[in-house]
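Numbered according to my numbering, the sequence shown terminates at residue 192, and the numbering increases by one at each position without gaps.
Built from N, CA and C at the ideal position, the CB exists for glycine as well.
Okay, structure first, notes after.
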Amino acid sequence: MFEAVCKNTIVPLILRLCLAAVFIFHGWQLVGGEGHQWGSAWANSKNPNPPPQAAQLAVSWGELVGGIALALGFLTRLAALGIIVIMAGAIATVHWKNGFDLQKGGYEYNVALITMCLALVLTGGGMLAVDRLFWRRRVPPGAATP
Numbered sequence: 047m048f049e050a051v052c053k054n055t056i057v058p059l060i061l062r063l064c065l066a067a068v069f070i071f072h073g074w075q076l077v078g079g080e081g082h083q084w085g086s087a088w089a090n091s092k093n094p095n096p097p098p099q100a101a102q103l104a105v106s107w108g109e110l111v112g113g114i115a116l117a118l119g120f121l122t123r124l125a126a127l128g129i130i131v132i133m134a135g136a137i138a139t140v141h142w143k144n145g146f147d148l149q150k151g152g153y154e155y156n157v158a159l160i161t162m163c164l165a166l167v168l169t170g171g172g173m174l175a176v177d178r179l180f181w182r183r184r185v186p187p188g189a190a191t192p
């Protein structure tokens, strides 16, 4: 019983809340940072060839909204998948050239975040997620309940 509760409730909740904290914090920095123009100009000062403004908006708001969705457990699989895409893009455009080592600006941290998000894509948000309100398994009338 305890193992089932841990696997179906506690583990997804911990994953969701930890990832949410990371992405809400980082997304808010990109959206609300000084001179970031609500997420459309955060890369301009750091990069001589910044990504297009639309990409900057998608990344910054994707991290913030994705983090909030993970915190609530709302559209958990979709939110986690969106964050995987953002992190894969960060690896491809920023971190790959620096190698794996985080201390050298590499993609080590991004891989850890992708792995945690992949776990949520595969398992869902768990029993304490808003998703459960919308996608409960329904038992047909007259069917035996487990």
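When DSSP labels each residue in this structure, what does Asp147 get in the three-state scheme?
-> Looking at Asp147 - three-state DSSP - the assignment turns out to be coil, as it is neither helix nor strand.
Nearest-angstrom Cα distance between Ala100 and Glu109?
-> A straight-line Cα-Cα distance of about 14 Å links Ala100 and Glu109.
Are the beta-carbon atoms of Val167 and Leu118 separated by less than 8 Å?
-> For Val167 and Leu118, no; Cβs fall outside 8 Å.
Sort Asn54, Asn156, Lys150, Val111 by Cα distance to Ala136 and report the nearest one.
-> Closest in C-alpha terms to Ala136, from the list Asn54, Asn156, Lys150, Val111, comes Asn156.
DSSP-derived helix/strand/coil call for Ala104 = Correct three-state label for Ala104: helix.
DSSP-derived helix/strand/coil call for Met162 | Note: Met162 maps to helix in three-state DSSP.
List the whole-angstrom C-beta distance separating Leu35 from Leu59, where the pair is believed to meet the contact cut-off of C-beta under 8 Å.
-> Residue 35 is absent from the model: the chain starts at 47 and stops at 192.
In chain order, what residues of the same chain have a beta carbon less than 6 Å from the beta carbon of Leu116, not counting five sequence neighbours either side?
-> A distance below 6 Å between beta-carbons, with the five flanking residues on each side excluded, links Leu116 to the following residues of its chain, in chain order: Arg62, Leu65, Ala66, Ala125.
Mapping DSSP to helix, strand and coil, what is Glu109?
-> If DSSP states are grouped into helix, strand and coil, Glu109 belongs with the helices.
Contacts around Pro192, its chain only, beta-carbon distance under 7 Å, and the 5 residues preceding and following it disregarded = Since pLDDT at Pro192 reaches only 46, below the 50 mark, its modelled position is unreliable, and the value read off the structure follows with that caveat. Cβ within range, chain order: n/a, list empty.
Hey, Pro96 and Thr139: beta-carbon distance below 8 Å or not?
-> Not in contact: Pro96 and Thr139 (Cβ atoms no closer than 8 Å).
Between the Cα of Thr161 and those of Ile130, Phe180, Gln75, spot the shortest distance and give me the residue it belongs to.
-> For the residues Ile130, Phe180, Gln75, the minimum Cα distance to Thr161 belongs to Ile130.
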